[in-house]
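Here the sequence shown stands for residues 309 to 511, numbered as in my numbering.
What follows is a set of notes on a single structure, which appears directly below.
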Amino acid sequence: MNVEQVEKVLREQQSRRLRVGEALVELGHLEADSLEGLLTKFHAEQSRYELGKVSLPAALQGNLAAEYVVDFFPKLIEQVSKIRLKVSPDSSTSVEPFSMIASLAIYGGAGVRVSLTSDEAFALALLAGVAGALPDPDHETLQSVLAEFLNIVLGNAIAALERHSISVELDTPDLGVVAESSYWFELISTVGKATLGLELVEG
């Protein structure tokens, strides 16, 4: 479609109070039987960016990055692995880390460091989902898969933040180090054990 055709669609839509999709059908730019499928696909894509009910400690409330991370985490982990989990609504300021530890931060308008610590069973299940089963993966490989999953989560959060005109930059991951001032959420998982940490970061 060219600019003139788009303007015609918009005029038609406004004058008759049609939805844009209906106006496209009326003007012959879209087949009626394909409209429903396109709308379903559009709404499915948009639902990735809609926040569910997110319960965060007072210090993290209002930080959209933290809200998106907590909301996206169980959805994305189920997409990439067979792990199903819920993020506990309660948080703690201390954690006894599991053997696998990774963290990744974004800096900017909604800066946050996200940490994930898990036992071997959780990391192995995540590895199978992200990269397929590897024979006898070592400790660093398992920690790296946690970091790679955090990269997926934060990548989705960054895309969502851009819709709010919030600009952030992704840092490089840290392995084996637990952030000291994080709020920790237990991950209630069908495979293994894990905790999710969130820490506000400046700049």
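Every residue, glycine too, gets a C-beta built ideally from N, C-alpha and C.
Legend entry - Cutoff 7 Å; reference Arg392; Cβ partners in own chain excluding five residues on either side: Glu386 and Thr498
Inset, instruction - Find the nearest neighbour of Ala467 within the set Ile414, Glu456, Asp341 and Ser402, judged by alpha-carbon distance. - result: Ile414
Legend entry - Straight-line Cα distance separating Asp444 from Ser473: Rounded to the nearest angstrom, the two C-alpha atoms are 44 Å apart.
Legend entry - Proximity below 8 Å, CB of Leu450 to CB of Leu462: no
Inset, instruction - Ignore the nearest five residues each way along the sequence and tell me which others in Asn371's own chain have a CB closer than 7 Å to its CB. - result: Ala418, Val420 and Leu508
Inset, instruction - Return the chain-ordered list of same chain residues with a C-beta closer than 7 Å to the C-beta of Ile513, the five sequence neighbours on each side being excluded. - result: As shown, the chain starts at 309 and ends at 511. That puts residue 513 outside it, with no answer to give.
Inset, instruction - For Pro397, name the three-state secondary structure that DSSP assigns. - result: When DSSP states are grouped into helix, strand and coil, Pro397 belongs to the strand group.
Legend entry - C-alpha gap between Phe406 and Ser475, whole angstroms: 33 Å
Inset, instruction - Kindly indicate which three-state DSSP category Glu507 falls into: helix, strand or coil? - result: strand
Inset, instruction - Rank Ala436, Tyr491 and Leu483 by C-alpha distance to the C-alpha of Lys390 and give the top, closest one. - result: Ala436
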